[in-house]
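Chains as they are written, first to last, in this note's numbering: chain A, 1 to 377; chain B, 1001 to 1377.
Just so you know, even glycine gets a beta-carbon here, dropped at the ideal spot from N, CA and C.
As the structure is a computational prediction, the values presented were derived from the model and not from experiment.
Working notes for the structure below.
Here it is as structure tokens:
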């Protein structure tokens, strides 16, 4: 018998009551019944984003929401700034370069947070910068960035602040309006406990001003068209109807638990995971760890890919390895979305068992779960 | 008690065994288990497209697949031709214009097929034309275009032929390779009996040559990146995993029935629908009607929107109205995807009942189902 556990930073487990909603007979997307559900979802997303601004929904991966933000805000020749310390921060650079916009970049060592001081300095010396792009929780390194302070810095300038919170949304504290975040991108398959296929973009009025003026080409991604359809409780093109209906159910669960309790749950699960790993003498990779995913350095001499493979193939437990330069060097345990205390114990226990069976030395077996449990209960 | 029936040209009904697949616990998209399913889906799509070429899968609506085709084939300044006689033919023009490519256009009266003679002439007098864009089955008018002949015409030139077969795929006969179609775009929520959220693009080697050289900007839509990932049984970005798993089930059903039988089933259902409508003294809108959807002119004095609304709200039966200039003037009964003979009788009967209750004259009640049944059984 093999049971499967998903402890990866997206897709994350889908609650059965959410999954079943997506299996109900499909509705047509231009009916009052679907319109009512769609409106509820948009309202629910406003709560999740903590915004009174515009929230748009796109049928695409999160990356689609990122590209949509770029083409809706910018025009050829625009000056922009990207602050990155990981794979997903770098994705902003790649998207921008695709549109022949060469961003100024502040790239920090991976594992560290982005450097707010340098961003502030850059903005002061270059008043032409139209937008600052960065990441909320950098999934590749397990780092969380301080968006509250960054928001205060950027709000003093004419630039808009554009945030990839694809993995952070509904897991790590975020206040779009209160923190002066102008554009925030999210996706369905992370904290929102849904299947992948939907991305979301929250926009402030300051950002919307740019949308009206932007000259980069856009058809499917066009925010103006989406906003216009929103007034009719519709999307411009056939949306992923079943995923939206399931999302409505997930948002109901989120509203019932409340965002504050969800953030606190993630904080506790993350803290327990970190304690469990440290009890095993393992070193955390992130200097400023997020509550989304815990990145752990592989013990000396062990390719983390081997551990990930063993857990997946032998125990049915999916965790993530390292990406790009971190391949083989770290593994990542997510505590994201539909996860409770017992799930964390499963994850830590699987790591302990894997390390033991791979012959790793230098740690006392069964101390990880013990350390975690002391925090969890 | 209200039962719901979906007789619209997308989304179409989803077989329960397909819907339930999408509710199973989600798999991670970078595992060998998902890789195996993804590979099966791509192979299955090759059968559906009738191609040995490249088939790519995008997480987006069908329109995303259309935009992706434009940006992957063309460069600024390219000369292209669009043949259109409906909303979806015109969509090619709008997408092209977004990228500042002003196409030559051959726009026919709606309800007629595209004009092959004019296309041939245009191609002969303008050898610079790089691509011809058109539609297989024009959903807005119920017309099918003769792609076999068009394929022969374009194959003699250096131009590639780009087809929107979003509503036609797996319903109306189509042979990508045999008919020399270079690019064919499909989507999940039509003949493929799945939920919306996936689009597909089949590409010939002739088309792939352009992909390598195209200069329009593309990141999420980049076919080169998708083809590279395909070799690893992956997609570049997190795909709509649950929709792909469900699609695998739908494709199994399609392979079992066989494409030839599916095309024949659609042909018979369409023929019965047309006979049913004509028995009610209603006029068909399309001169060259497709097997996907039957467009019917509203009886004198009746706004077709009223009929559509009555059927939906009072009988639980969704059919489609007219779009743009055809709003109020036609209604459309789809016989697309997971539909059998009895579904057709339901649709025709609903129209008869609606017309009667709306006080329409000039037809003999209960003759529509009778005429249809004589063809169906």
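- At least 8 Å separates the beta-carbon of residue 1101(B) from that of residue 1123(B).
- Contact residues of the region 235-267 of chain A toward chain B are 237, 238, 239, 240, 241, 242, 243 (C-beta to C-beta distance below 7 Å).
- Within the region 59-87 of chain A, contact with chain B at the beta-carbon level (separation under 9 Å) is assigned to 59, 60, 61, 62, 63, 64, 66, 67, 68, 70, 71.
- Distance check between residue 263(A) and each of 296(A), 233(A), 167(A), 226(A) places 167(A) closest, using alpha-carbon atoms only.
- Taken through DSSP and simplified to helix, strand or coil, residue 366(A) comes out as coil.
- Where residue 116(A) is concerned, the enclosing alpha helix (DSSP H) starts and stops at 116-125.
- Membership of residue 228(A) in any beta strand (DSSP E) is not indicated; the residue belongs instead to the alpha helix (DSSP H) covering 223-230.
- Closer than 8 Å to the CB of residue 1191(B) there is not a single CB belonging to chain A.
- Taking all protein chains in view, the Cβ of residue 1(A) is surrounded by fewer than 16 other Cβ atoms within 10 Å, so the residue is classified as exposed.
- Take the alpha-carbon of residue 47(A) and the one of residue 1301(B): they are about 47 Å apart.
- Within the region 1204-1221 of chain B, contact with chain A at the beta-carbon level (separation under 9 Å) is assigned to 1216, 1217, 1218, 1219, 1220, 1221.
- If you check the CB distance, residue 181(A) and residue 147(A) come in under 8 Å.
- Burial state of residue 325(A) is exposed, judged by a 10 Å Cβ sphere holding fewer than 16 other Cβ atoms.
- From the beta-carbon of residue 1312(B), the residues of chain A found nearer than 7 Å are 31.
- At a cut-off of 8 Å between C-beta atoms, residue 19(A) counts as an interface residue with respect to chain B.
- Shown here for residue 141(A): same chain residues with a beta carbon closer than 7 Å to its own, the five before and five after excluded, namely 85, 86, 110, 111, 285, 286, 295 in chain order.
- For residue 1006(B), at least one C-beta of chain A is nearer than 8 Å to its own C-beta.
- When the five nearest sequence neighbours on each side are left out, the beta carbons in the same chain lying within less than 8 Å of the beta carbon of residue 1303(B) are those of 1328, in order along the chain.
- By the CB criterion at 8 Å, residue 1320(B) and residue 242(A) fall outside the cutoff.
- A distance below 7 Å between beta-carbons, with the five flanking residues on each side excluded, links residue 1155(B) to the following residues of its chain, in chain order: 1180.
- In the structure shown, residue 377(A) adopts coil according to DSSP, grouped into three states.
- Inter-segment contact for the region 1055-1072 of chain B and the region 1228-1244 of chain B is present: three or more beta-carbon pairs are separated by less than 8 Å.
- If you ignore the 5 residues before and after residue 1249(B), its C-beta comes within less than 7 Å of the C-beta of 1017, 1018, 1021, all in its own chain and listed in chain order.
- Three or more Cβ pairs closer than 8 Å define a contact, and the region 1198-1217 of chain B meets that threshold against the region 1158-1174 of chain B.
- For residue 1292(B), there is no enclosing beta strand (DSSP E), as DSSP gives it neither H nor E.
- Annotation: Cβ neighbours of residue 1028(B) in chain A (cutoff 7 Å, chain order): 6, 8, 11, 318.
- Contact between the region 362-377 of chain A and the region 276-285 of chain A is established, with three or more Cβ pairs separated by less than 8 Å.
- Partner residues in the beta bridge of residue 198(A), as assigned by DSSP, are 59(A).
- For residue 94(A), the chain B residues whose C-beta falls within less than 8 Å of its own C-beta are 1219, listed in chain order.
- For residue 1022(B), the chain A residues whose C-beta falls within less than 8 Å of its own C-beta are 19, 22, 23, 195, 242, listed in chain order.
- Closer than 8 Å to the CB of residue 1375(B) there is not a single CB belonging to chain A.
- Interface with chain B (8 Å Cβ-Cβ cutoff): residue 338(A) is excluded.
- Residues of chain B with a Cβ closer than 9 Å to the Cβ of residue 98(A) are, in chain order, 1217, 1218, 1219, 1222.
- Among the CB atoms of chain B, none fall inside 8 Å of the CB of residue 106(A).
- Using a Cβ-Cβ cut-off of 8 Å, residue 42(A) does not count as an interface residue toward chain B, since no Cβ of chain B sits closer than that to its own.
- Flagged as an interface residue toward chain A: residue 1014(B), by a C-beta distance shorter than 8 Å.
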